[in-house]
Amino acid sequence: FNVILLDIMMPDISGFDVFKRLQATLTKVPPVVFLTAKSRPEDREAGEGLGAAAYLLKPITRGQLLDVLRRTLNPPH
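Residue numbers (the working numbering): 39 to 115.
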């Protein structure tokens with residue numbers, strides 16, 4: 039995968055926990071973009087602290103998603 043879009047609130051496991059499992063099992067984790075309705079600063083800090091490439095608050099527009107994907111997949115050199 040080139041990038042993973044991951045919701046934080048899922049039925050059986052949080053997106054944070056999924057990301058932690060990926061980090062524990064993969065030798066190279068693709069960039070992760072969190073999509074969420076959780077707007078508390080501590081939630082954003084938790085996602086960024088795990089190393090997420092971006093943290094987007096729902097609802098998001100197509101333009102916002104495309105912009106984040108471009109920046110994530112084509113970082114400045």
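Quick reminder that beta carbons are idealized off the backbone N, C-alpha and C, glycines included. Quick caveat: nothing in here was measured; it's all calculated off a predicted structure.
Beta carbon of residue i nearer than 8 Å to that of residue j
| i | j | result |
| --- | --- | --- |
| VAL71 | LEU60 | no |
| PHE39 | ILE46 | no |
| TYR93 | GLY85 | yes |
| PRO69 | THR110 | yes |
| VAL56 | LEU43 | no |
Rounded Cβ spacing between residue i and residue j (contact assumed at less than 8 Å)
| i | j | result |
| --- | --- | --- |
| LEU64 | LYS96 | 26 Å between Cβ atoms; not a contact. |
Given 8 Å, three or more beta-carbon pairs between the stretch 76 to 85 and the stretch 101 to 113: no
3 or more residues per run - each beta strand (DSSP E) lying fully within the stretch 40 to 67: Under the rule that a run must span 3 or more residues, the beta strand (DSSP E) segments found entirely inside the stretch 40 to 67 read 42 to 45.
Start-end ranges of the beta strand (DSSP E) lying completely within the stretch 71 to 101, minimum 3 residues: Qualifying beta strand (DSSP E) stretches, in chain order: 92 to 95.
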